[in-house]
């Protein structure tokens, strides 16, 4: 096994996850937005909400399908790229994976009923199916995050040179810190999707300020965006406090903190806030924060990357929290969601921030765990497959994901284009563009 | 019954269900590729309509089987991941393109040409994936994958490129095409379409018989352990006898146009073929170096997995029953609205 094959394996896994996460997050959050608009449509009998719930259902279908196939790829890749990890620890973390399978199954079943059954089932059962999709999507994210928690802070087995023994699957499933990371991840899914949706509709509203459909769509996205963006820093803080206790070397890398010190300051960009790191990490201004230099050099994660990703996550998270605060204040004072150009610009610019924060946060966790695949027990380099020429699958999947990404964006763009107010559109059939093409030919 | 035998049985069950539902799904893609005659477009519409609500569900069985394997029999999962790295990677590509193209086709609003392009990607991937799946099964059964300790020593190509593995690949492809055609006779709304798929089902049935015969011939040299397993245990013999009866019954019911019953018989036939494969290589998971008990995870894990299986069954079975009830074939003229509605 050459060093470069290890890098290709890591790059392929990283690429697959980075790609999948976007769709997984949408698969968790869009059903909620879809059900909310469906529910509003039923209550108000408003045609715009009906249209919105149908558009969101189409978006969910496209994103869920790509999420499902990229997730299937990931379950294969666990073995294809890290056979020894699965061979030894598969039994320890099999339980959350199995339950994730159950949740995914339920999600696929009720999504089928929701998407294709509108005319076949009663309105109550239809709404119930949508709720089941949302619930099982959240459950699925919950269980799969537990696996990651285990990899960061493993428990529930006794290690021997031949692999783990005395396995306690339930203990392993709820490894320390599971509460913080699962909530942090779930919130980030809702936050990222709600911000993306708000950004899209803000974009349309900047061009067509009066578009009623898009104002209503924004009013569905904004509450979820604001609430999650304000809760997230609190949960993130709890999560960081756990990392400080359980993975001091990761915390040191996140903060680029080299020397152990009491009353450690926080360094943000060029600014240094005295004692702030000790307070943030341990809730005590004089607490000792251990520095990287205290740990063997070969157990350091890549400091610059972890630190950079952490800065990006905190920065984007703060920006989103601030915008949400301003938006909620506006809503409270004016009794209406903001509609001015400045606020629309702010929401447009913030649209991608949720996804940026989600990816950055995931990178903090994953880079921060290196060089371990199971922290303290198995190194990533020891888990990689002996199969040579890993550059080939890496570049193949890079091309495939690039292609899929471009197609999905084009399809979603057409879904949004179909709602533009300057289009004269009949009933929503998704076929509007076809007639335009006919004019061209 | 030991926990690992129970878990092995559940895993075999998941693969049977994958062969039935995922298989019919792949087969639908095959018939999309070979759609022909005056009702070419209707055939494709029927396939898309029958699969739309259920295709994602049909493929979750594969995930279930995989999860049970790596949680219940991690050593076997690791060895197979190394020995079959290449075909499994190709299979993944097939699964990605198939699922993505099927969805994109339904939601691409640019018209018929774009729909056909996605349809072509979808149907080609539907042919390639079952072939690879069968080749992997052939490799596992053949005894060509050799493992010493935790290390695979038989290389990355020989095991799945043998004539026997190819033959199993073709058997999988024809079996899935047969299943899909039989299913579609029952789903079809018009007499003409039903006859189209009846002819396809009869043709594919003959192809299944021929490729099964070739697999059997090649098994003597290519998969001696399975050849012996086929003939040795009385249990396996009963299983194979039952398969033959189901096959003949399915054929006769198709011939006499009793489509609903034909569908049941064909499902029995395909399920028994998969079970027959599992029974003939028992107690091996990967012939001849990894047995079920040798690869099994600890008893504590196996027990909670069985509990998880029960929880899963209690959640999934009623939901699936509901799904299939909602989308059961309806009398003529009452067509299912697609996702555009």
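Protein chains in written order, with the UniProt record's numbering: chain G, 1 to 441; chain C, 1 to 341. Even glycine gets a Cβ: it sits at the ideal position worked out from N, Cα and C.
DSSP places residue 267/G inside the beta strand (DSSP E), whose first and last residues are 266-268. Within the region 263-336 of chain C, the runs of alpha helix (DSSP H) that reach at least 4 residues and sit entirely inside it are, in chain order, 292-295 and 299-326. One Cα belongs to residue 10/C, the other to residue 287/C, and the distance between them is close to 19 Å.
Interface criterion not met: the Cβ of residue 379/G is under 8 Å from no Cβ in chain C. Identification of chain C residues near residue 73/G by a Cβ-Cβ cut-off of 8 Å yields 92, 95 and 96, ordered along the chain. In the three-state DSSP reduction, residue 93/G falls in the coil class, being neither helix nor strand. If you check each beta-carbon in the region 35-59 of chain G against every beta-carbon of chain C, the ones closer than 7 Å belong to 58.
With a threshold of 8 Å between beta carbons, residue 47/C makes no contact with chain G. The straight-line gap separating the alpha-carbon atoms of residue 18/G and residue 359/G is approximately 7 Å. With respect to residue 144/G, residue 177/G sits apart: the two C-beta atoms are not nearer than 8 Å.
Apart from the 5 residues on each side of it in sequence, residue 276/G sits with its Cβ closer than 7 Å to the Cβ of 265 and 266 in its chain, given in chain order. Taking 3 residues as the shortest admissible run, the region 124-165 of chain G contains the following complete beta strand (DSSP E) segments, listed from N- to C-terminal end: 158-160 and 163-165. Residue 294/C has a beta carbon lying at 8 Å or more from every beta carbon in chain G. Residue 260/G carries a coil assignment under DSSP once its states are collapsed to helix, strand and coil.
Residue-level contact check: residue 382/G does not touch chain C, since none of the beta carbons of chain C fall below 8 Å from its beta carbon.
Its Cα nearest to that of residue 214/G, the residue 419/G stands out among 419/G, 104/G and 4/G. Remark: C-beta atoms of residue 297/C and residue 80/G do not approach each other more closely than 8 Å. Scanning chain C for C-beta atoms nearer than 9 Å to the C-beta of residue 365/G yields nothing, as the closest lies near 22 Å away. Listed by position along chain G, the residues whose Cβ is nearer than 9 Å to that of residue 126/C form an empty set, because the closest Cβ is around 14 Å away. Exclusion of the five residues before and after residue 233/G leaves 317, 318 and 321 as the residues of its chain whose Cβ lies within less than 8 Å of its Cβ. The region 297-313 of chain G makes no contact with the region 335-349 of chain G; the number of CB pairs closer than 8 Å stays below 3. At least one CB of chain G lies nearer than 8 Å to the CB of residue 100/C.
Assigned with DSSP and collapsed to three states, residue 1/C falls in coil, not helix or strand.
At a cut-off of 8 Å between beta-carbon atoms, residue 260/G makes no contact with chain C.
At a cut-off of 4 residues, the continuous stretches assigned as alpha helix (DSSP H) that sit fully inside the region 51-105 of chain C are 55-72 and 74-83. Distance from the CA of residue 173/C to the CA of residue 400/G, rounded to the nearest whole angstrom, comes to 25 Å. Interface flag for residue 179/G against chain C is unset, since no Cβ pair is found closer than 8 Å. Along the region 49-73 of chain C, the positions whose C-beta sits under 8 Å from a C-beta of chain G are 52, 53, 54, 56, 57, 59, 60, 62, 63, 64, 66, 67, 68, 70, 71 and 72, read in chain order. Rounded to whole angstroms, the Cβ separation of residue 194/G and residue 160/G is 47 Å, and the two are not in contact under 8 Å. In the DSSP annotation of this structure, the continuous segment of the alpha helix (DSSP H) that includes residue 398/G starts and ends at 391-417.
Per the DSSP secondary-structure output, residue 372/G pairs in a beta bridge with 379/G. By the criterion of at least three beta-carbon pairs nearer than 8 Å, the region 386-402 of chain G is not in contact with the region 96-108 of chain G. Secondary structure at residue 272/G: strand, using DSSP grouped into helix, strand and coil. The secondary-structure analysis by DSSP pairs residue 148/C across a beta bridge with 151/C. Identification of residues in the region 155-184 of chain G having a C-beta nearer than 8 Å to some C-beta of chain C yields 165, 166, 167, 168, 169 and 170, given in sequence order. At a C-beta separation below 9 Å, residue 359/G has no neighbours in chain C, since its nearest C-beta there lies roughly 21 Å away.
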